[in-house]
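Participant:
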Amino acid sequence: LMAHTMRKTNPLLKIINNSFIDLPTPVNLSYWWNFGSLLGICLMMQIITGLFLAMHYTADTTSAFSSVVHICRDVNYGWLMRNIHANGASFFFICIYLHIGRGAYYGSYKYKETWNIGV
356 LMAHTMRKTN PLLKIINNSF IDLPTPVNLS YWWNFGSLLG ICLMMQIITG
406 LFLAMHYTAD TTSAFSSVVH ICRDVNYGWL MRNIHANGAS FFFICIYLHI
456 GRGAYYGSYK YKETWNIGV
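Numbers in our numbering are just positions in the sequence shown, counted from 1, shifted up by 355.
Here is the structure:
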């Protein structure tokens, strides 16, 4: 009872409560609602693989291609990181189009709290 009233009255906990605990969810919840979480996972994978690739990449016109070849051939699992990064970008855009399309179809933009969490 004490924790319930504290999360409703404390300004910081009230933001968390309204965003995560008392967030209105639709009755027609389905697999279409997973694309926001998939976008977060894709973004983290892109950042991690991008940082890994950037550590070994040379941004010079004469040696850029050879640095990519070096990543693919000589760096441990460099070929895998490059392919995850390249295909992850495509998967990210697929997820974002489906996420925005689902939001437009179900009218998620009408609920300000829900829309702000997604953005």
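We put the CB at the ideal spot given by N, CA and C, even for glycine. This one's a predicted model, so the numbers in the text were calculated from it and none came from an experiment.
1) Beta carbon of residue 433, beta carbon of residue 401: below 7 angstroms?
2) Taking the straight line between their C-alpha atoms, what separation do you get for residue 376 and residue 390?
3) Would you decide whether residue 367 is buried or exposed? Buried here means 16 or more other CB atoms lie within 10 Å of its CB.
4) If you reduce the DSSP assignment to three classes, tell me which class residue 462 lands in.
5) Relative to the C-alpha of residue 412, which residue among 405, 406 and 422 is closest?
Facilitator: The structure says:
1) no
2) 20 angstroms
3) exposed
4) coil
5) 422
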